[in-house]
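Q: Sequential numbering of the sequence shown, starting at 1, is according to UniProt numbering.
Even glycine gets a Cβ: it sits at the ideal position worked out from N, Cα and C.
Sharing a structure, written as structure tokens. Questions coming.
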Amino acid sequence: MLMDETKMLASLNLDIEACNNFQEKEVVLKKFYENRILPALEPRGLIARHSLHDKPGIALHQEFKSIASEPKYITSLELTVELISMPEKFWTRCFDFLCEQRCFITENWSEPLGVSIGIFVFDRTMSFDGSHVYRGECDASYYKGKGQACCAIWNSKNELLSSILVKKFDCHTSCMAEVIAMWILLKEAMRMGLQNSSFQACSDSSQVYKILCGTLLIEIEPNDNDGAAKVNKLLKFMRRYFNNLLPRWESREKLFLVDGIMRKGNVAGNEGNEDAVGQSSVAWKNSLVRRMAYYLTGNPVFKLTRKKSKFIKGLNTQRSNPLDIELEEACYVEVDEEHKIDATWHITSALRPGRLYIIMKDLDSRVDCTDELKHLFGKFVSRYDEEGHSLFTIDLEETRIPTGLINETHKSLMIIFDATIAKEEPEKILGIRDLFTVFLTTESEGYLVSKLQKLSPLSFVSFYKGSSAPKKNEDDKRVHEDHNVDDMPCGPDEESQDS
């Protein structure tokens, strides 16, 4: 169909005007934010309630950094504009991404910080004859004359067929390390007999991509001992062995499979020796493939792009005093009854405790909560009942809640499902005391926690910097002072219910 140029430009200008009119209406955006976005941010503790221009906000920033990593920020205006510019089905994953990145929202509608959220969606290359396309990925790192390379090959059924890690080989540059990583990948594909198959070779190096496409001019003078140039020439030569090689440049965010194997190799040795090829563990590979499969079903990978800001950088150098912030002993999250289990997951993702206690009343009305908790947290869920209350003890798995990202000692957290328990002194009910506590309240129960603040970055700092180690009542032996998982049951063996 041939479209008239004048009509096309007129339609374009109308759409631009409509977009600008919507995004510039602050009142409309605020209402949209309060109704659609804020309820998802609060259970994740993402609202920065202290101004970054004030002493408490600066002190909180520095205290947070000392516990975990340096927090990032995006304004409510920027986040709202970003969300209305993406499919709504991506929102939940975007909120979780902000939580993972420690990116907090400052409620500011006039001073943007210069933040954008990039979206990357996985796609599969299709072969012309309908045959399966094998995907190969490679990545590399370089430091002080030593390179590390990793490659992985998987099929269209999300099955990881092979992964190789090579550590600490002699190398001149980071580009050379990337080229060697691709050479390792192609050699492994040849070993597996994939030369006649459609083989997608992915790298985040533009140089590697240009070499495989043949668009990079490689010049080697006579008697030239430039190792990097020779490796480049070798990689280009490798193309001749593949009947359908499909070079592809991918963003770094989409290569987390090989990146994850490299990270595992750094931490655990990964069954390989120094300067030797090693296979990553089966469990770790399966975990990565499951995560990869999640993104292959249409779920996006996000990336934060931030403008360099002297103001944000200055937060780390300004003088502050930890006494400028008043630590909390408890906080609350306002949530509908039917969403309390989901809120529990978000709270633990935000605070990342080592152990979680959940207290509920009227368990008969929540007959499915035990199964739901086990679905979220795995098998490490036990239950103990006393005086009309139920206590769930959950030892959080490292693979589900990444507590390893915290510099402080892992601590225990209590979540109370019923705000009415606030007046019943839960330590007298079940013998647990002096734990940082999060109350889940409905809108009508707000008066019960009127002296508390909502979950926020301050709650995170209070959780790790405050007194949150479990203590024992003199007359109660159900909670031990020892933090060891095996030595800290929630109740006597004959009374506990593992349901």
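1) Between Pro300 and Arg135, is the Cβ-Cβ spacing less than 8 Å?
2) Measuring only the C-alpha atoms, how far is Leu79 from Leu257?
3) Could you name the residues that DSSP lists as bridge partners for Phe302?
4) List the residues that DSSP assigns as beta-bridge partners of Pro247.
5) Are the C-beta atoms of Val231 and some chain B residue less than 8 Å apart?
6) As an exercise, report each continuous alpha helix (DSSP H) stretch of at least 4 residues that is fully enclosed by the segment 299 to 374, in chain order.
7) When the distance is taken between beta carbons, is Glu328 closer than 8 Å to Leu458?
8) Verify whether the separation of the beta carbon atoms of Ala48 and Phe104 is less than 8 Å.
9) Consult DSSP for Leu207 and reduce its assignment to one of helix, strand or coil.
10) Give a yes or no on whether the C-beta atoms belonging to residue 504 and Tyr295 are separated by under 8 Å.
11) How about Cys213 and Ala181: do their beta carbons lie closer than 8 Å?
12) Locate the alpha helix (DSSP H) running through Tyr241, then write down its first and last residues.
13) How long is the line joining the alpha carbons of Ser197 and Val289, rounded to whole angstroms?
14) For Ala419 versus Phe439, is the C-beta spacing smaller than 8 Å?
15) Report all residues from its chain with a CB closer than 7 Å to the CB of Gly118; omit the five preceding and five following residues, and keep chain order.
16) In this structure, does DSSP put Asp275 in helix, strand or coil?
17) State whether the segment 244 to 261 contacts the segment 203 to 213, with contact taken as three or more CB pairs (one from each stretch) at a distance under 8 Å.
18) So for Asp139, helix, strand or coil by DSSP?
19) For a test of the three-state rule: what should DSSP assign to Gly260, helix, strand or coil?
20) In whole angstroms, what separates the C-alpha of Ala59 from that of Lys65?
21) Helix or strand or just coil, what does DSSP make of Asn21?
22) If you run the structure through DSSP and keep just helix, strand and coil, what is Glu63?
23) Leaving out the 5 sequence neighbours to the left and right, which residues in its chain are closer than 7 Å to Asn321 when beta-carbon positions are compared?
24) Have a look at Arg102 and Leu161 and give me their C-alpha separation to the nearest angstrom.
25) Just to confirm my understanding: we take Leu46, look at its own chain, exclude 5 residues before and 5 after, and list those with CB closer than 7 Å. What are they?
26) Given Asp324, which residues of its chain have a CB within under 6 Å of its CB, disregarding the five upstream and five downstream residues?
27) What are the boundary residues of the beta strand (DSSP E) that Met182 is part of?
28) Looking only at its chain, what residues have a beta carbon closer than 8 Å to the beta carbon of Lys340, apart from the 5 residues adjacent to it on each side?
29) For the beta strand (DSSP E) that Tyr384 lies in, which residues bound it at each end?
30) Classify residue 501: buried if its beta carbon has 16 or more other beta carbons within 10 angstroms, exposed otherwise.
31) For my contact list, Gln195 and Asn243 are in at a C-beta cut-off of 8 Å; report their separation, rounded to the angstrom.
32) With H, G and I counted as helix, E and B as strand and the rest as coil, what does DSSP make of Met414?
33) Would you kindly work out how many angstroms separate the C-alpha atoms of Ala40 and Asp342, rounded to a whole number?
34) Kindly list the residues whose CB is nearer than 6 Å to the CB of Lys236, restricted to its own chain and excluding five residues on each side of it in sequence; keep chain order.
35) By DSSP's criteria, Gln195 is part of a beta bridge. Which residues make up the other side?
36) Among all the DSSP beta bridges, which residues are the ones paired with Gln148?
A: Looking at the atomic coordinates:
1) In the sequence shown, residue 300 corresponds to position 300, counting from 1. In the sequence shown, residue 135 corresponds to position 135, counting from 1. In this structure, Pro300 lies away from Arg135, with their beta-carbon atoms at least 8 Å apart.
2) Counted from its first residue, the sequence shown places residue 79 at position 79. Counted from its first residue, the sequence shown places residue 257 at position 257. A straight line joining the alpha-carbon of Leu79 with that of Leu257 spans about 28 Å.
3) Within the sequence shown, residue 302 is the residue found at index 302, counting from 1. Paired residue(s): Ile119.
4) Numbered from its first residue, the sequence shown carries residue 247 at position 247. Its beta-bridge partners are Ala201.
5) Absence of chain B from the displayed structure is noted, only one protein chain being present.
6) Within the segment 299 to 374, the runs of alpha helix (DSSP H) that reach at least 4 residues and sit entirely inside it are, in chain order, 310 to 314, 340 to 351.
7) Sequence index remark: in the sequence shown, residue 458 carries index 458 (1-based). Sequence index remark: in the sequence shown, residue 328 carries index 328 (1-based). Cβ atoms of Leu458 and Glu328: closer than 8 Å.
8) Position 48 of the sequence shown holds residue 48. Position 104 of the sequence shown holds residue 104. It is a contact, given that the beta carbons lie within the stated cut-off.
9) Here residue 207 refers to the residue found at position 207 of the sequence shown. Inspection of the sequence shows that residue 207 is occupied by Gln rather than by Leu. Gln207 falls in the helix class under three-state DSSP.
10) Here the chain covers residues 1 to 499 and nothing more, so residue 504 does not appear.
11) Here residue 213 refers to the residue found at position 213 when the sequence shown is read from its first residue. Here residue 181 refers to the residue found at position 181 when the sequence shown is read from its first residue. At the C-beta level, Cys213 and Ala181 stay beyond 8 Å of one another.
12) Mapped onto the sequence shown, residue 241 falls at position 241. Looking at the DSSP string, Tyr241 is not in any alpha helix (DSSP H), and its letter there is neither H nor E.
13) Looking up residue 197 in the sequence shown gives position 197. Looking up residue 289 in the sequence shown gives position 289. Each residue's alpha carbon lies about 22 Å from the other.
14) Sequence index remark: in the sequence shown, residue 419 carries index 419 (1-based). Sequence index remark: in the sequence shown, residue 439 carries index 439 (1-based). Yes, Cβ-Cβ distance for Ala419 and Phe439 is below 8 Å.
15) Here residue 118 corresponds to residue number 118 of the sequence shown, with the count starting at 1. Non-local C-beta neighbours of Gly118 in its own chain, meaning closer than 7 Å and more than five positions away in sequence, comprise Phe302, Lys303, Thr305, ordered along the chain.
16) Here the question's residue 275 lines up with position 275 in the sequence shown. Unreliable positioning characterises Asp275 in this predicted model, as indicated by a pLDDT of 41, which lies under 50. The coordinate reading is nonetheless provided below. Asp275 sits in coil when the DSSP states are folded into three classes, being neither helix nor strand.
17) Cβ pair count under 8 Å is three or more, so yes.
18) Here residue 139 corresponds to residue number 139 of the sequence shown, with the count starting at 1. When secondary structure is reduced to three states using DSSP, Asp139 falls in the strand class.
19) On the sequence shown, position 260 is the one that residue 260 refers to. Three-state DSSP puts Gly260 in a helix.
20) In the sequence shown, the residue the question calls residue 59 occupies position 59. In the sequence shown, the residue the question calls residue 65 occupies position 65. Near 10 Å, if we compare the C-alpha coordinates of Lys65 and Ala59.
21) The residue you call residue 21 lines up with position 21 of the sequence shown. Of the three classes helix, strand and coil, the one that applies to Asn21 here is helix, per DSSP.
22) Counting from one through the sequence shown, the residue named residue 63 turns up at place 63. Three-state DSSP puts Glu63 in a helix.
23) What you label residue 321 is simply residue 321 of the sequence shown in a count that begins at 1. In the same chain as Asn321, and ignoring 5 residues on each side of it, the C-beta atoms closer than 7 Å to its own belong to Ala59, in chain order.
24) Locating residue 102 in the sequence shown gives position 102, counting from the first residue. Locating residue 161 in the sequence shown gives position 161, counting from the first residue. Spanning the two alpha carbons is a distance of roughly 34 Å.
25) Sequence index remark: in the sequence shown, residue 46 carries index 46 (1-based). Here the set comprises Leu98, Cys99, Phe104, Ile105.
26) By 1-based counting over the sequence shown, the position of residue 324 is 324. Cβ neighbours of Asp324 beyond the five flanking positions: Lys55, Pro56, Ala59.
27) Within the sequence shown, residue 182 is the residue found at index 182, counting from 1. Element bounds for Met182: not the beta strand (DSSP E) but the alpha helix (DSSP H), 174 to 191.
28) The residue you call residue 340 lines up with position 340 of the sequence shown. Closer than 8 Å at Cβ, skipping near neighbours: Phe417, Leu440.
29) Taking the sequence shown and counting its residues from 1, the one referred to as residue 384 is at position 384. Start and end: 381 to 386.
30) The chain is shown from 1 up to 499; residue 501 falls before or after that span and cannot be answered.
31) Locating residue 195 in the sequence shown gives position 195, counting from the first residue. Locating residue 243 in the sequence shown gives position 243, counting from the first residue. About 6 Å separates the beta carbons of Gln195 and Asn243, which is inside the 8 Å limit, making them a contact pair.
32) For the purposes of this step, residue 414 is taken as residue 414 along the sequence shown, with counting starting at 1. Met414 falls in the strand class under three-state DSSP.
33) Here the question's residue 40 lines up with position 40 in the sequence shown. Here the question's residue 342 lines up with position 342 in the sequence shown. Straight-line spacing of the CA atoms in Ala40 and Asp342 works out to 11 Å.
34) Mapped onto the sequence shown, residue 236 falls at position 236. Cβ within range, chain order: Ile211.
35) Numbered from 1 along the sequence shown, position 195 holds the residue referred to as residue 195. DSSP output for Gln195 lists no bridge partner at all.
36) The residue given as residue 148 occupies position 148 in the sequence shown. Gln148 has Ser141 as its beta-bridge partners, per DSSP.
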